[in-house]
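Numbering (UniProt numbering), first residue to last: 1 to 81.
Every residue gets a Cβ at the ideal spot worked out from N, C-alpha and C, and that includes glycine.
The structure appears right after this line, and notes come after that.
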């Protein structure tokens with residue numbers, strides 16, 4: 001196992017980098033995320049429970065956090081790209 005130090009993040013809230021682009025909504029295989037209602041922890045947990053047996057010992061999903069603009073920094077506003 002590698003001992004890695006976590007990157008320092010310049011934010012205090014996990015939603016500070018969110019630009020409401022909807023990419024995480026499209027990535028979620030459980031359809032557990034909505035721009036209007038946020039994340040349904042129940043729907044996410046249900047999906048993980050259904051898939052855990054197939055993919056054990058690895059457990060989890062994280063697809064909503066991959067290849068999204070807010071993954072590693074504050075996204076640029078649309079008008080400054």
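query: Nearest-angstrom Cα distance between residue 72 and residue 19?
result: 13 Å
- prompt: Cβ of residue 64 within 8 Å of Cβ of residue 27?
  reply: yes
- prompt: Straight-line CA distance for residue 74 to residue 17?
  reply: 5 Å
query: Are residue 68 and residue 39 closer than 8 Å when you measure CB to CB?
result: no
task: Taking only the alpha-carbon atoms, compute the straight-line gap between residue 21 and residue 11 and give it to the nearest angstrom.
output: 19 Å
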